[in-house]
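So the sequences go chain by chain: A and B. Going by the working numbering, the first residue of the first sequence is number 1, and it counts up by one from there. Going by the working numbering, the first residue of the second sequence is number 1, and it counts up by one from there. Even for Gly, the Cβ is constructed at its ideal location relative to N, Cα and C. Values in this document were obtained by computation on a predicted structure and should not be read as measured data.
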Amino acid sequence: MNVDNGFGDFNPLFVFAAYAIVWIIFFGYLYYMARRQADIQSQIDSLQESMPNSNEGAEEDDASQPSE
Amino acid sequence: MRSAPSTLTPANVIGVAAFAAMLIALYLAIVESPDERVQGIHHRIYYIHVPTALVAYLSIAITAVASGVYLRTRRPRWDRLAYASAEIGVILTTLVLVTGSIWGRPVWGAWWSWSDARLVTTLVMWLSYIAYLMLRSLSGRAPGTARTAAVIGILGFVNVPVTYFSVYLWTYLHPLPTLQSATDRPESAILVPFLAGMLAFILLYVYLIRMRMRVEEAQQNLDALRAAAEGQ
Chain A
1 MNVDNGFGDF
11 NPLFVFAAYA
21 IVWIIFFGYL
31 YYMARRQADI
41 QSQIDSLQES
51 MPNSNEGAEE
61 DDASQPSE
Chain B
1 MRSAPSTLTP
11 ANVIGVAAFA
21 AMLIALYLAI
31 VESPDERVQG
41 IHHRIYYIHV
51 PTALVAYLSI
61 AITAVASGVY
71 LRTRRPRWDR
81 LAYASAEIGV
91 ILTTLVLVTG
101 SIWGRPVWGA
111 WWSWSDARLV
121 TTLVMWLSYI
131 AYLMLRSLSG
141 RAPGTARTAA
151 VIGILGFVNV
161 PVTYFSVYLW
171 TYLHPLPTLQ
181 SATDRPESAI
191 LVPFLAGMLA
201 FILLYVYLIR
211 MRMRVEEAQQ
221 NLDALRAAAE
231 GQ
């Protein structure tokens, strides 16, 4: 099944590329989520400062259905 | 005075364990694993491609189960789990397609083949969950979005067994599972790096799910606060 592909049969570049892409994507995703979490938290903090009595209702409540 | 939050949280422990397991899996796959007779060095891509694929199936199965439980209970926690798992499933399936193509170029002589059932069914699976994420993204928190997404999440799972068994049903380019087809290497030489990769990706999946659900929960809290602020 091995073919002459012009890259050489034992070119480590393909292996390096496969592993590098997986690690880069996962670290990129982790970084993106950490930034998003920090951004949302700062918005929550600034909103809570502007409305001091609004903590009720902002916490999670499984009985309420915010998605529906 | 509030004490500083502990850094030894379960989430952080899972994160560190996932990172350590990824490093060990990388070492076993690249350094310890011997070359394969036909594929040479390129068989090492298996040790990242196959665990990624199996954990992608797992994440899509969890999306389907969580969607089903959400439809039954209407508890937002299950919807968040389904959403988070679908997003991570799309990332994993993207990596399956990319690493598979990178493996295919030196071994098959082609990046992609439309004639191979495994490749095409995997692409269809990826597209169905892209549709799921597009629905969530475009509809926002409109009424009925979570319910519609849950139905797509369950229907999309139908493609998983089709994808998995496609190599048995329509044999073409994609090889059978390595442990069934390998004859020139001791099983442990394949099994140990494979299992290390599986453990690493399962831990990483658990860590990412926790993190993604936390972001979604914070987003829902922010939406509730905004609604309260507008109501004042």
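Query raised in the report: Just the Cα atoms here: how many angstroms apart are residue 60 (chain B) and residue 21 (chain B)?
Result: If you number the second sequence from 1, residue 60 (chain B) lands on position 60. If you number the second sequence from 1, residue 21 (chain B) lands on position 21. Computed Cα separation, rounded: 23 Å.
**Report entry** Residues that residue 40 (chain A) contacts on chain B, provided the C-beta gap is smaller than 9 Å
**Finding:** Residue numbering aside, residue 40 (chain A) sits at position 40 when the first sequence is read from its first letter. In chain order: 215, 218, 219, 221, 222.
Report task. Would you mind reading off the limits of the alpha helix (DSSP H) that contains residue 36 (chain B)? Result -> The residue given as residue 36 (chain B) occupies position 36 in the second sequence. Run containing residue 36 (chain B): none; DSSP gives neither H nor E here.
Query - Contact set between residue 31 (chain A) and chain B, taken where Cβ atoms lie within less than 8 Å - result: In the first sequence, the residue the question calls residue 31 (chain A) occupies position 31. Residues of chain B passing the Cβ test: none, with the nearest at roughly 11 Å.
Requested in this report: Could you tell me whether the segment 136-153 of chain B touches the segment 110-121 of chain B, using the rule of 3 or more Cβ pairs below 8 Å?
Outcome: no
Query raised in the report: residue 25 (chain A) touches chain B at which residues, Cβ-Cβ below 7 Å?
Result: To locate residue 25 (chain A), count along the first sequence from 1; it is residue 25. Per Cβ cutoff of 7 Å: 91, 95.
Query - Distance, residue 45 (chain B) Cα to residue 13 (chain A) Cα - result: Here residue 13 (chain A) is taken as the residue at index 13 of the first sequence, counted from 1. Here residue 45 (chain B) is taken as the residue at index 45 of the second sequence, counted from 1. Their Cα atoms are separated by approximately 11 Å.
Requested in this report: Below 6 Å CB to CB, which residues in the same chain sit around residue 66 (chain B) once its five sequence neighbours on both sides are set aside?
Outcome: To locate residue 66 (chain B), count along the second sequence from 1; it is residue 66. Correct list, in chain order: 78, 81, 82.
Report task. Within 10 angstroms of the Cβ of residue 36 (chain B), are there 16 or more other Cβ atoms? Answer buried if so, exposed if not. Result -> Residue numbering aside, residue 36 (chain B) sits at position 36 when the second sequence is read from its first letter. By the neighbour-count rule (16 or more Cβ atoms within 10 Å), residue 36 (chain B) is buried.
Query raised in the report: What is the residue span of the alpha helix (DSSP H) that residue 160 (chain B) lies within?
Result: Taking the second sequence and counting its residues from 1, the one referred to as residue 160 (chain B) is at position 160. Residues 159-169.
Query - First and last residue of the uninterrupted alpha helix (DSSP H) at residue 12 (chain A) - result: Here the question's residue 12 (chain A) lines up with position 12 in the first sequence. Taken as a continuous stretch (DSSP letters only), the alpha helix (DSSP H) holding residue 12 (chain A) covers 12-50.
Query raised in the report: Name the chain B residues that come within less than 9 Å of residue 71 (chain A), Cβ to Cβ?
Result: Any answer about residue 71 (chain A) is impossible in this case: the structure gives chain A only from 1 up to 68.
Requested in this report: Compare the C-beta of residue 134 (chain B) against all C-beta atoms of chain A and say whether one is closer than 7 Å.
Outcome: Reading the second sequence from its first residue, position 134 is the one you call residue 134 (chain B). No, no contact with chain A.
Requested in this report: State yes or no: is the beta carbon of residue 35 (chain A) nearer than 7 Å to at least one beta carbon in chain B?
Outcome: Along the first sequence, one-based indexing puts residue 35 (chain A) at 35. So no, residue 35 (chain A) is outside the interface.
Query - Contact under 7 Å by Cβ, residue 85 (chain B) with residue 62 (chain B) - result: For the purposes of this step, residue 85 (chain B) is taken as residue 85 along the second sequence, with counting starting at 1. For the purposes of this step, residue 62 (chain B) is taken as residue 62 along the second sequence, with counting starting at 1. Yes.
Query raised in the report: Given that a residue counts as buried once 16 or more other Cβ atoms are within 10 Å of its Cβ, and exposed if not, what is residue 124 (chain B)?
Result: Locating residue 124 (chain B) in the second sequence gives position 124, where the first residue counts as 1. Classification of residue 124 (chain B): exposed, given that the 10 Å Cβ count is below 16.
Query raised in the report: Can you list the alpha helix (DSSP H) stretches of 4 or more residues lying completely in the segment 21-99 of chain B, in chain order?
Result: 46-73
Query raised in the report: Do the segment 14-32 of chain B and the segment 197-211 of chain B make contact, defined as three or more Cβ pairs closer than 8 Å?
Result: yes
Requested in this report: Classify residue 197 (chain B) as helix, strand or coil using the three-state DSSP reduction.
Outcome: Position 197 of the second sequence holds residue 197 (chain B). If DSSP states are grouped into helix, strand and coil, residue 197 (chain B) belongs with the helices.
**Report entry** Under 8 Å (Cβ pairs) to chain A, residues found in the segment 136-168 of chain B
**Finding:** 141, 143, 144, 145, 146, 147
Requested in this report: List the whole-angstrom C-beta distance separating residue 104 (chain B) from residue 56 (chain B), where the pair is believed to meet the contact cut-off of C-beta under 8 Å.
Outcome: Counting from 1 along the second sequence, the entry for residue 104 (chain B) is found at position 104. Counting from 1 along the second sequence, the entry for residue 56 (chain B) is found at position 56. Contact flag wrong, Cβ pair sits at about 18 Å.
**Report entry** Proximity test, Cβ basis, 7 Å: residue 125 (chain B) and chain A
**Finding:** Within the second sequence, the letter at position 125 stands for residue 125 (chain B). No, residue 125 (chain B) lies away from the interface with chain A (no Cβ there is under 7 Å from its Cβ).
Query - Spatial neighbours of residue 87 (chain B) in its chain, beta-carbon cut-off 7 Å, leaving aside the 5 residues before and after - result: Position 87 of the second sequence, counted from the first residue, corresponds to residue 87 (chain B). Only 133, 212 meet the Cβ criterion.
Requested in this report: Report yes or no: is there a C-beta of chain A within less than 7 Å of the C-beta of residue 99 (chain B)?
Outcome: Stepping through the second sequence from its first residue, residue 99 (chain B) is reached at position 99. True, the Cβ-Cβ gap to chain A drops below 7 Å.
Query raised in the report: Checking contacts by CB at 7 Å: is residue 23 (chain B) closer than that to chain A?
Result: Taking the first residue of the second sequence as 1, we reach residue 23 (chain B) at position 23. Not an interface residue.
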